[in-house]
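Numbering (this note's numbering), first residue to last: 58 to 343. Glycine is no exception: its CB is placed at the ideal position from the N, C-alpha and C atoms. What follows is a single structure, written as structure tokens, with notes after it.
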């Protein structure tokens, strides 16, 4: 067994609970600390992970030895928290989005290079086994030349009293919340994006941020992309990703995935669907 890494969780909210579940699956990881300004939340999660709780990152760094940290605090806090960790020589996995502005994101990247530490944004869908299998098929030419990429993350969720819909905390709405995953998926399969247009729909919940958007993109290779994101409508799709090629189509779904070969007919199933904890586990291990 290799050297075990001591990880801190910065933030003790709902997403931190998913990371805690992933921590429990990884033998080479030692939960070393939980940090949250809400002392009660920090203590509760720390008790589950059998590690100390702290009210601030500064307190944790002064009193606890850690090698790395997962930052799962609200987006507007990401730069300050991450820069504090990077400056202390800690590796950082930061929840999406890295920042709500480009300047802060660049500062974080520069700090990681300067400190010689690992730094990346959480991109869980790249670690979903069905997505990985779909990427293998695409890269092997299994569906021919790619022509169209379609993605949808939609659902009816009451966001009126959630911090994700408060721009002072989140920095934006469904675009910044789910759009990061959507655009990352397209870049994962198709490479750089050269054209992008976002159209906002109705604010059916009366939120101060966007709640339904449509994104239209074009990759450097000329492949078109279409992305639908919403907290207020549900498209009731079994799949969240469809890739069309000259030889067939791939659909990556929540409960399983499938492949269509042009000229042969019939869908061929593959994979077992989406498992958040499994994706988080693979991401941390990587």
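Nearest-angstrom Cβ-Cβ length linking residue i and residue j, presumed shorter than 8 angstroms
i: residue 154; j: residue 132; result: 6 angstroms
i: residue 127; j: residue 64; result: 7 angstroms
i: residue 102; j: residue 73; result: 6 angstroms
i: residue 165; j: residue 139; result: 5 angstroms
i: residue 98; j: residue 92; result: In fact, because the Cβ distance is near 10 angstroms, the residues do not count as touching under 8 angstroms.
i: residue 268; j: residue 229; result: That belief does not hold up - the Cβ atoms of residue 268 and residue 229 are roughly 11 angstroms apart, past 8 angstroms.
i: residue 184; j: residue 79; result: Not quite, the Cβ-Cβ distance comes to about 10 angstroms (not below 8 angstroms), so this is no contact.
i: residue 247; j: residue 276; result: 4 angstroms
First through last residue of the beta strand (DSSP E) which encompasses residue i
i: residue 158; result: Residue 158 -> no beta strand (DSSP E), and no H or E assigned at all.
i: residue 141; result: No beta strand (DSSP E) contains residue 141, which is instead part of the alpha helix (DSSP H) from 135-144.
i: residue 263; result: Where residue 263 is concerned, there is no enclosing beta strand (DSSP E), given that its DSSP letter is neither H nor E.
i: residue 285; result: 281-287
i: residue 184; result: Looking at the DSSP string, residue 184 is not in any beta strand (DSSP E), and its letter there is neither H nor E.
i: residue 257; result: 250-257
i: residue 150; result: 148-151
i: residue 299; result: 296-302
i: residue 130; result: First-last for residue 130: undefined, no H or E at that position.
Residue span of the alpha helix (DSSP H) that contains residue i, given as start and end
i: residue 120; result: 114-120
i: residue 245; result: 231-247
Among the options, nearest to residue i - alpha-carbon criterion
i: residue 243; options: 256, 205 and 87; result: 205
i: residue 258; options: 247, 279, 78 and 286; result: 286
i: residue 283; options: 210, 224 and 98; result: 210
i: residue 191; options: 315, 324 and 60; result: 315
i: residue 156; options: 136, 87 and 167; result: 136
i: residue 61; options: 328, 251 and 87; result: 87
i: residue 296; options: 336, 208, 263 and 220; result: 208
i: residue 193; options: 309, 343 and 281; result: 309
i: residue 90; options: 105, 275 and 82; result: 105
i: residue 144; options: 151, 121 and 171; result: 171
i: residue 124; options: 158, 82, 255 and 66; result: 66
i: residue 107; options: 122, 81, 247 and 130; result: 81
i: residue 254; options: 130, 272, 180 and 340; result: 272
Cβ-based burial, residue i [other Cβ within 10 Å; buried from 16]
i: residue 288; result: buried
i: residue 279; result: exposed
i: residue 312; result: exposed
i: residue 215; result: exposed
i: residue 292; result: exposed
i: residue 187; result: buried
i: residue 331; result: buried
i: residue 303; result: exposed
i: residue 160; result: exposed
i: residue 338; result: buried
i: residue 235; result: buried
i: residue 76; result: buried
i: residue 69; result: buried
i: residue 323; result: exposed
i: residue 213; result: exposed
i: residue 218; result: exposed
i: residue 141; result: buried
i: residue 343; result: exposed
> Of all the beta strand (DSSP E) runs that stay within the bounds of the region 306-334, which reach a length of 3 or more residues?
Replying inline: 314-318 and 324-327
> For the region 191-229, which segments carrying the alpha helix (DSSP H) assignment without a break, of at least 4 residues, lie completely within its bounds, in sequence order?
Replying inline: 224-227
>> In chain order, what are the residue ranges of uninterrupted alpha helix (DSSP H) at least 4 long that sit wholly in the region 62-117?
In response: 71-80 and 96-106
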